[in-house]
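Q: Offset between the sequence shown (1-based) and our numbering: plus 99.
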Amino acid sequence: MSDSCADRLEAAFWRRHANPRSGWSRVPTGPVIVYAIYRRDWRLLAAALVWTAVNPILFSPPETDDAWMTRAVLAERWWIDDEQRSTIGLDYPNVCNAVGASAFGYALYAAWRRRARGAAIGTAVGVALKLWWLRVLVARYDARARRS
100 MSDSCADRLE AAFWRRHANP RSGWSRVPTG PVIVYAIYRR DWRLLAAALV WTAVNPILFS
160 PPETDDAWMT RAVLAERWWI DDEQRSTIGL DYPNVCNAVG ASAFGYALYA AWRRRARGAA
220 IGTAVGVALK LWWLRVLVAR YDARARRS
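1) On the criterion of 16 or more Cβ atoms from any shown chain inside 10 Å, does MET100 qualify as buried, or is it exposed?
2) Out of ASN196, ASP190, ALA197, PRO119, which one is the CA nearest neighbour of PRO161?
3) Could you tell me the boundaries of the alpha helix (DSSP H) in which ASP241 lies?
4) Within the continuous alpha helix (DSSP H) that includes TRP167, where are the two ends?
5) Give me the Cα-Cα distance between SER103 and PHE203, rounded to the nearest whole angstrom.
6) Which of helix, strand or coil does DSSP assign to MET100?
7) Do the CB positions of TRP178 and LEU230 come within less than 8 Å of each other?
8) Is the separation between the beta-carbon of TYR137 and that of ARG213 shorter than 8 Å?
9) Per the contact definition of three or more C-beta pairs closer than 8 Å, is the stretch 166-182 in contact with the stretch 106-126?
10) Once the 5 residues before and after GLY129 are set aside, which same chain residues still bring their CB inside 7 Å of it?
11) List the whole-angstrom C-beta distance separating ARG176 from TRP113, where the pair is believed to meet the contact cut-off of C-beta under 8 Å.
12) Considering only C-alpha positions, which residue in the set THR186, VAL172, SER159, ASP140 is nearest to VAL126?
13) Output the boundary residues of the alpha helix (DSSP H) element that contains SER124.
14) Report the three-state DSSP secondary structure of ASP106 (helix, strand or coil).
15) Pick out whichever of VAL149, ARG115, ALA117, HIS116 has its Cα sitting closest to the Cα of VAL131.
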C-alpha cells in the first residue's frame, strides 16, 4: 500500500466515517436535500451539502467495530478495495445501489418540479435500497471475518 499523504488522509477520513454517529447522521441528509429543493430553501440545501462534506471529520474513529453502521462502512471499503468491486452495477447487490441512485435522481427531479409524492417515493426507495445494499455487504463482510 502506498504511504502518500493522500492515502493517509483518505484512511483517516474513512476511519472517522466508520463512527456509527457519522454514518447514521448522514442517512437523513438525502431526504433533507430533496426537501430543501422542494421548498426552494437554498440555505437548508447549502447546510445539508456542508454537513455531507464535514460530517466524517467531526467524529472520532470508533473504538470497536461492533456497531452495524461501523461494519457497514468497513464493508464498503472492503468491497471496493479488497474485492475490487464497484458500488453501482447490474450485478447483485450493486443493482440495489444503481436503482437506488436512479430513484434518488428521480426524487431530486420531482422535488424540483414540486411533485411531493414523487419526491417522497423516490427518496424512500433510494434510502431503502442504499440500506439494503449495506445490509448485504455487512453480511458478506461478517461471513468473511468468521471464515478468517
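Here a beta-carbon is modelled for each residue, glycine too, at the ideal position from N, C-alpha and C. Please read these numbers as outputs of a predicted model, since none were measured by experiment.
A: The answer reads as follows:
1) Numbered from its first residue, the sequence shown carries residue 100 at position 1. Note that MET100 scores 48 on pLDDT, short of 50, meaning its location in the model is unreliable and no value can be drawn from it.
2) The residue you call residue 161 lines up with position 62 of the sequence shown. Answer by Cα proximity: PRO119.
3) Counting from one through the sequence shown, the residue named residue 241 turns up at place 142. Here the alpha helix (DSSP H) through ASP241 covers 215-246.
4) The residue labelled residue 167 in the question sits at position 68 within the sequence shown. Per DSSP, the continuous alpha helix (DSSP H) segment holding TRP167 begins and ends at 167-176.
5) Translated into positions along the sequence shown, residue 103 becomes position 4. Translated into positions along the sequence shown, residue 203 becomes position 104. SER103 and PHE203: Cα-Cα distance of roughly 35 Å.
6) Reading the sequence shown from its first residue, position 1 is the one you call residue 100. Low local confidence applies: a pLDDT of 48 at MET100 is under 50, so the model's placement there is unreliable, with the coordinate-based value given in what follows. Coil, per DSSP.
7) For this step, residue 178 is matched to residue 79 along the sequence shown. For this step, residue 230 is matched to residue 131 along the sequence shown. No. Outside cutoff.
8) Stepping through the sequence shown from its first residue, residue 137 is reached at position 38. Stepping through the sequence shown from its first residue, residue 213 is reached at position 114. In contact: TYR137 and ARG213 (Cβ atoms closer than 8 Å).
9) Yes, they touch.
10) The residue labelled residue 129 in the question sits at position 30 within the sequence shown. Taken in chain order, the residues that qualify are PHE203, THR222, GLY225, VAL226.
11) Your numbering for residue 176 matches position 77 in the sequence shown. Your numbering for residue 113 matches position 14 in the sequence shown. The beta-carbon separation of ARG176 and TRP113, rounded to 6 Å, stays under the 8 Å limit for a contact.
12) Position 27 of the sequence shown, counted from the first residue, corresponds to residue 126. When C-alpha distances from VAL126 are compared across THR186, VAL172, SER159, ASP140, the shortest belongs to VAL172.
13) Translated into the one-based positions of the sequence shown, residue 124 becomes position 25. For SER124, the enclosing alpha helix (DSSP H) begins and ends at 119-125.
14) Within the sequence shown, the letter at position 7 stands for residue 106. Reduced to three states, the DSSP call for ASP106 is helix.
15) Within the sequence shown, the letter at position 32 stands for residue 131. Looking only at VAL149, ARG115, ALA117, HIS116, the smallest Cα-Cα distance to VAL131 is reached by VAL149.
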